[in-house]
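Asker: My structure is below; once you've seen it, I'll send some questions.
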């Protein structure tokens with residue numbers, strides 16, 4: 001169990017302050033769990049006030065003692081209600097800001113209205129793009145945690161090879177792997193920023209169920225155990241000759257990695273075997289072109305075009321009519337971080353120490369899906385693997 | 001796996017329409033997963049438009065085919081963007097409403113702003129109180145699902161007695177019970193409405209760790225596996241003579257029940273044994289007074305006063321300084337539904353077929369916590385148990 005070092009926190013808020021100055025923000029008021037963990041080291045009911053210059057103030061309603069124990073920030077104060085904010089800020093010599101940022105992509109309207117009263121006429125803009133820009137570039141400390149998560153991922157994946165047997169249900173397989181990961185310290189809660197985005201341990205499914213589209217923004221969806229969940233493993237039993245997709249999130253010490261591997265019992269039809277090999281070719285293409293400075297959208301375009309050249313226009317990243325327009329997504333304390341390796345991101349560039357998952361997948365409705373996914377970090381000379389399990393198509 | 005019957009959906013939207021007419025709303029636009037599941041039977045990326053009279057229209061971006069398959073609503077249409085809404089409504093003979101409701105307690109500001117443009121000058125008020133009022137009163141169909149969840153809960157609890165052993169960690173125990181429940185069809189995702197509220201399978205912890213306060217709005221918090229999670233099971237090992245709290249959510253076919261039991265190896269100190277018995281007395285008091293028509297706040301007051309009379313002023317529902325001001329919470333498709341058995345709810349009354357969890361707990365910082373929790377439904381003549389495991393303090 002790691003406590004985020006104070007030096008890490010300092011670098012993080014200074015990076016945010018640099019972004020804030022660029023955007024003309026006098027302050028950011030932060031409320032959301034993932035952001036609070038990143039900037040304070042301690043998830044509490046509270047508000048982190050980051051001024052454009054100087055020390056942030058973490059105002060904590062519950063649990064002040066825990067925040068004191070876990071956070072390396074200098075200024076942590078108890079507070080009861082948003083009404084107290086002006087007074088607390090005055091104690092620290094801060095006036096109420098005229099232009100402030102909040103996380104408008106995640107903060108609900110009703111809560112926002114309370115803060116907007118407190119900020120009394122201030123212009124409030126969305127600070128999330130700044131926050132996400134800072135969070136996208138990891139420190140060496142963060143990369144080390146993600147390596148630990150990748151180790152958990154590999155051990156869990158090895159376990160899959162031991163437990164898969166004909167006739168077991170996708171749900172039983174999921175349960176076995178979730179159990180295994182949990183005993184290794186998987187934190188259970190996995191965070192996604194998007195409204196209504198729900199995530200469990202990931203997607204473990206076989207055959208036609210792995211090709212069923214769902215509400216989630218993902219190439220594969222799955223049937224799930226009921227329509228209230230509508231994604232992931234179902235009660236379907238695993239048969240010989242169909243692809244089994246193990247797409248899991250390992251979450252450790254607050255950080256996640258995402259990995260997909262494809263397995264089967266007794267082999268796959270040639271079409272799917274070829275599709276699996278071709279998805280690996282798309283990953284190879286990524287590794288050729290992804291460098292600091294490369295544009296997110298151009299990486300997407302080149303990989304997408306290769307998929308089309310290889311004949312997957314109607315099968316790539318979803319079945320026909322249910323295809324998503326991304327192949328990769330940033331990952332760290334949330335699963336949907338910057339960068340997006342996605343259509344249309346013409347200007348945004350990869351930077352050294354960004355981390356992202358890349359998941360070329362081919363989908364055949366009624367038959368199944370195959371593909372691979374790894375989490376990488378961007379080094380000066382190209383991508384380095386965080387997840388590292390063998391990418392061979394496993395035939396059990 | 002249940003598909004919500006069309007007759008259920010019809011009763012539900014008619015109940016909402018009755019509330020809407022009382023509040024002068026011409027329409028409600030619903031976006032959130034739990035509400036969509038309740039009112040459509042199918043969680044998709046979409047908008048449910050409920051007019052004050054007539055059939056609701058479910059506009060679905062992704063995945064239209066799934067919505068068609070799972071939802072018993074008559075009017076389901078594909079759509080791409082909020083901009084399409086006016087046109088779709090016109091097709092159904094609806095004008096854009098002048099006063100509409102949205103779920104302002106959960107919908108993020110940025111998303112709200114997009115809809116507010118589409119609704120072009122309409123007054124938009126919070127529809128969540130109406131939605132939650134409707135959802136609080138369950139149908140017989142819903143009660144049956146919750147009984148299935150309670151069965152899963154009991155079987156999982158029986159499993160706890162088999163696997164607990166001295167020296168295992170809280171995390172190992174949690175992993176064992178989560179695994180067991182998952183194999184029984186636990187849906188994994190558990191839903192909570194409150195912003196930043198995170199929930200996994202529940203809280204399983206022992207000794208002092210079960211008395212550590214956390215950010216969550218709950219009597220017990222726990223240390224968790226890392227500060228990013230900050231609640232629930234940790235790596236602490238289970239010792240003889242300390243209370244082991246098994247507070248779990250069983251989630252099945254979209255519905256949840258909440259149950260807590262206390263166990264120990266080799267007995268508990270007299271103080272904790274007595275506290276456990278006294279928590280049972282508070283549950284008995286609840287059963288004496290909770291009837292249709294009883295006020296939420298009065299039930300709270302009577303039970304709280306009894307806790308104080310019994311000497312738990314500084315230990316009830318949290319350690320001194322970290323006490324929460326509720327003893328019970330509604331439960332169904334979310335864990336924080338109406339009714340709240342909590343301080344200050346002077347006017348709101350229990351109604352027949354409401355369901356709630358009641359969890360009197362005593363907390364001794366540094367020592368541990370004891371308590372009991374059951375999920376009930378309100379019958380004409382009083383409470384009926386949904387969760388039903390034996391309430392004896394278990395000595396292993």
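Chains as they are written, first to last, in this note's numbering: chain Z, 1 to 396; chain F, 1 to 396.
We put the CB at the ideal spot given by N, CA and C, even for glycine.
Small disclaimer: the values here were computed from a predicted structure and weren't measured.
1) What in chain Z is Cβ-close to residue 401 of chain F, meaning under 8 Å?
2) With contact counted as at least three CB pairs below 8 Å, one residue from each stretch, are the segment 383-394 of chain Z and the segment 254-264 of chain Z in contact?
3) Report the residue ranges of all beta strand (DSSP E) runs contained in full by the segment 22-72 of chain Z; include only those spanning at least 3 residues, in chain order.
4) Report the residues of the segment 1-27 of chain Z with a CB closer than 8 Å to any CB of chain F, ordered along the chain.
5) Taking 8 Å as the threshold, find out whether the segment 218-229 of chain F comes into contact with the segment 345-356 of chain F through three or more Cβ pairs.
6) Take the Cβ of residue 277 of chain Z as the centre, count every other Cβ of all protein chains shown within 10 Å, and call the residue buried at 16 or more, exposed below.
7) Am I right that residue 127 of chain F and residue 101 of chain F are in contact with their C-beta atoms under 8 Å? What's the rounded C-beta distance?
8) With 9 Å as the threshold, decide whether the Cβ of residue 229 of chain F is near any Cβ in chain Z.
9) Do residue 212 of chain Z and residue 66 of chain F count as a contact pair if the criterion is CB distance below 9 Å?
10) Do you know whose CA, among Z:337, Z:32 and Z:326, lies nearest residue 343 of chain Z's CA?
11) Below 9 Å on C-beta distance, what does residue 367 of chain Z contact in chain F?
12) Taking the CB atoms as reference points, tell me whether residue 155 of chain F and residue 173 of chain F lie closer together than 9 Å.
13) Could you tell me the distance, in whole angstroms, from the CA atom of residue 333 of chain Z to the CA atom of residue 196 of chain F?
14) So is residue 81 of chain F in contact with chain Z if we call contact Cβ pairs under 9 Å?
15) Taking just the CA atoms, how far does residue 381 of chain Z sit from residue 397 of chain Z?
16) Can you name the residues of chain F whose CB is closer than 8 Å to the CB of residue 63 of chain Z?
17) Rounded to whole angstroms, how far is the Cβ of residue 306 of chain Z from the Cβ of residue 108 of chain F, which I believe are closer than 8 Å?
18) On the three-state DSSP scale, how would you describe residue 323 of chain F?
19) With a threshold of 16 other CB atoms inside 10 Å of the CB of residue 141 of chain Z, please say whether the residue is buried or exposed.
20) Taking C-alpha atoms, which residue in F:132, F:69, F:17 and F:363 lies nearest to residue 32 of chain F?
21) With 9 Å set as the bound, which would you pick, yes or no: does the beta-carbon of residue 252 of chain F sit closer than that to a beta-carbon of chain Z?
22) On a CA-only basis, which of F:393, F:48, F:198 and F:221 is nearest residue 269 of chain F? Give me that one, please.
23) Using a C-beta to C-beta distance shorter than 9 Å, which residues of chain Z count as neighbours of residue 126 of chain F?
24) Where are the alpha helix (DSSP H) runs, 4 residues long or more, that stay fully inside the segment 129-212 of chain F, in chain order?
25) Would residue 206 of chain F be called buried (16 or more neighbouring beta carbons within 10 Å of its own) or exposed?
26) Under 9 Å between beta-carbons, which chain Z residues line up against residue 334 of chain F? List them in chain order, please.
27) For the beta strand (DSSP E) containing residue 374 of chain Z, list its first residue and its last residue.
28) Which partner residues of residue 247 of chain Z appear in the DSSP bridge assignment?
29) What does residue 189 of chain F reach in chain Z if we use C-beta pairs closer than 7 Å?
30) Here's a check: name, in chain order, each residue in its chain whose Cβ is nearer than 7 Å to the Cβ of residue 23 of chain F, leaving out the five neighbours to either side.
31) Could you tell me the alpha carbon to alpha carbon distance between residue 28 of chain Z and residue 48 of chain Z, rounded to whole angstroms?
32) Does DSSP put residue 81 of chain Z in a helix, in a strand, or in coil?
33) Report the residue from Z:94, Z:110, Z:147 and Z:86 whose alpha carbon sits nearest the alpha carbon of residue 119 of chain Z.
34) Please decide whether residue 158 of chain F counts as near chain Z, where near means a Cβ-Cβ distance under 9 Å.
35) Which residues of chain Z have a Cβ atom closer than 9 Å to the Cβ of residue 185 of chain F, listed in chain order?
36) Hey, residue 236 of chain Z and residue 265 of chain Z: beta-carbon distance below 9 Å or not?
Answerer: Quick look at the numbers:
1) Residue coverage of chain F in this structure runs from 1 to 396, which leaves residue 401 of chain F outside it and unanswerable.
2) yes
3) 27-30, 45-51 and 57-62
4) 1, 2, 3 and 4
5) no
6) exposed
7) 3 Å
8) yes
9) yes
10) Z:326
11) Those do not exist, as residue 367 of chain Z stays about 17 Å from chain F at its closest Cβ, beyond 9 Å.
12) no
13) 14 Å
14) no
15) Only positions 1 to 396 of chain Z appear in the structure, and residue 397 of chain Z is not among them; the question remains open.
16) 213, 214, 215, 221 and 322
17) So it is not a contact: roughly 36 Å between Cβ atoms.
18) coil
19) exposed
20) F:132
21) yes
22) F:393
23) 109 and 110
24) 140-163 and 170-183
25) buried
26) Within 9 Å Cβ-Cβ: nothing; residue 334 of chain F doesn't reach chain Z, min ~11 Å.
27) 374-379
28) Z:203 and Z:260
29) 198, 200 and 229
30) 130
31) 8 Å
32) coil
33) Z:86
34) no
35) 171, 225, 226 and 235
36) no
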